[in-house]
Amino acid sequence: MAQRAQRYTAQKHAAQGQQRHMAQGQQPHKRKKRADSREACGTKDHRSGGYRPRDIRTSDDTRGARKSRTSRQKSAFDLIEGRRAVAEALALNIPLKNALVQVSSGERDQEIETLAKQLSSDGVPVERVPRQVLDALSSHGAHQGVIVRTRPFEYAELSDILEKAGSKDALVVVLDHVTDEGNFGAIVRSAEVVGAAGVVIANARAAQVGVGAYKTSAGAVLHVPIARVSNVSRALEELKAAGFWTCGATEHAADDVWSAPLGGRLALVMGSEGAGISRLVLETCDFACKLPQRGKIESLNVAQATTVMCYEWLRRVSMGGVS
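Counting along the sequence shown from 1, when you hit position 127 you're at 127 in full-length UniProt numbering, and nothing is skipped either side.
Quick look at the structure:
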């Protein structure tokens, strides 16, 4: 009887495992079918000639895009270690939550004391802790007696960017999974300098606002709305509904940037450092363009290319036209 019960239990587990395996095997087919149905919708706009200003739809189609969520998206905190790094954080006005400063075992370190006073005067709570506490938190051991924790960065919603853009000429930079934090920060800096309404990024597999982005953006992340979205293609459709033309920057485009209609209300899409713009996102764009080049290297990096494109948009709107 015991052997029969064991065989029955084993057979039951095997059957359940087979059912799970079959269910998992069917799922990719369903996902592919949904992707095919999106492609069949024909989201790409095959217009010829110039581009007129896009109509702004304010009906129920855009109500979801303009509705702000009650709870804002926030990033995780970062630890900043070392005296120079902490001083830079203060200079860049990085929002800081609290600071841990090493307890002095003998004569006080004047540099540390000056830094602690600066932190306190800026409203950052300072806690004196033994060196062992800092050693345990440090990622590399070179904390130099001070570690600060940043406040979580508060991201905007896409509706905030649309509200800032209003109905006038506006630029929104959309990043399709740009992963390098240095490039991301430099792009935000360029977007802020030309007066962009905001920057849109993916909430997964993409660089987020951290200490590196604060530094490379020279603090610009605090002055331009940055929205995280779960689906870049869907965000582009919402931007279209708000009157934006969507342009994908890709070296494979037939037209160069000089002949592309880059003025007016523009959502500029830049791809990742290696793969560029994904196929579905590129198909969602109204048109594509590339930067001309005469040199031998492959291309500019994404941050440099974005800067050129942003300034071309600024030149066009400053001249009062789209061509």
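Glycine is no exception: its CB is placed at the ideal position from the N, C-alpha and C atoms.
Can you tell me where the alpha helix (DSSP H) holding residue i begins and where it ends?
| i | result |
| --- | --- |
| Gln132 | 131-137 |
Could you work out which residue in the options is closest to residue i when comparing CA atoms only?
| i | options | result |
| --- | --- | --- |
| Leu171 | His177, Val193, Asn183, Thr150 | Val193 |
| Ala165 | Ala197, Leu115, Ser104, Lys117 | Ala197 |
| Gln132 | Leu119, Ser121, Ile147 | Ile147 |
| Ala204 | Gln144, Leu239, Leu175 | Leu175 |
| Gln144 | Ala227, Cys310, Leu92, Gln102 | Gln102 |
| Phe153 | Leu262, Val209, Arg84 | Val209 |
| Phe287 | Ala275, Glu251, Met319, Tyr311 | Glu251 |
| Arg84 | Arg279, Gln118, Phe77 | Gln118 |
If we call anything under 7 Å between Cβ atoms a contact, is residue i one with residue j?
| i | j | result |
| --- | --- | --- |
| residue 402 | Val232 | The shown model of the chain, from 1 to 323, leaves out residue 402, and the question about it has no answer. |
| Val211 | Ile112 | no |
| Gly182 | Thr150 | no |
| Ala220 | Arg189 | yes |
| Pro95 | Asp160 | no |
| Glu229 | Ala207 | In the sequence under discussion, the amino acid at residue 229 is Val, which differs from the Glu named in the question. No; because the gap between Cβ atoms is not below 7 Å, this pair is not in contact. |
| Ala235 | Val200 | yes |
| Cys285 | Val269 | yes |
| Gly263 | Val308 | no |
| Pro292 | Asp256 | yes |
For my contact list, residue i and residue j are in at a C-beta cut-off of 8 Å; report their separation, rounded to the angstrom.
| i | j | result |
| --- | --- | --- |
| Ala99 | Pro125 | 7 Å |
| Asn301 | Glu283 | Their Cβ separation, rounded to whole angstroms, is 24 Å, which puts Asn301 and Glu283 out of contact at 8 Å. |
| Ala249 | Ala305 | 6 Å |
| Ala156 | Phe184 | With 8 Å as the limit, Ala156 and Phe184 do not qualify as a contact, their Cβ atoms being about 15 Å apart. |
| Ala260 | Cys247 | 6 Å |
Can you give, in chain order, each stretch of the alpha helix (DSSP H) that sits fully within the region 152-224 and has at least 4 residues? DSSP runs (the alpha helix (DSSP H)) wholly in the region 152-224: 158-165, 181-193, 211-216.
Item checked: Entirely enclosed alpha helix (DSSP H) segments - the region 222-305, minimum 4 residues -> Counting only runs of 4 or more, we get 232-241, 279-284.
Practice problem: Go through the region 81-126 residue by residue and report every complete run of the alpha helix (DSSP H) that reaches 4 residues or more, in order. | Solution: You should have 83-91, 110-121.
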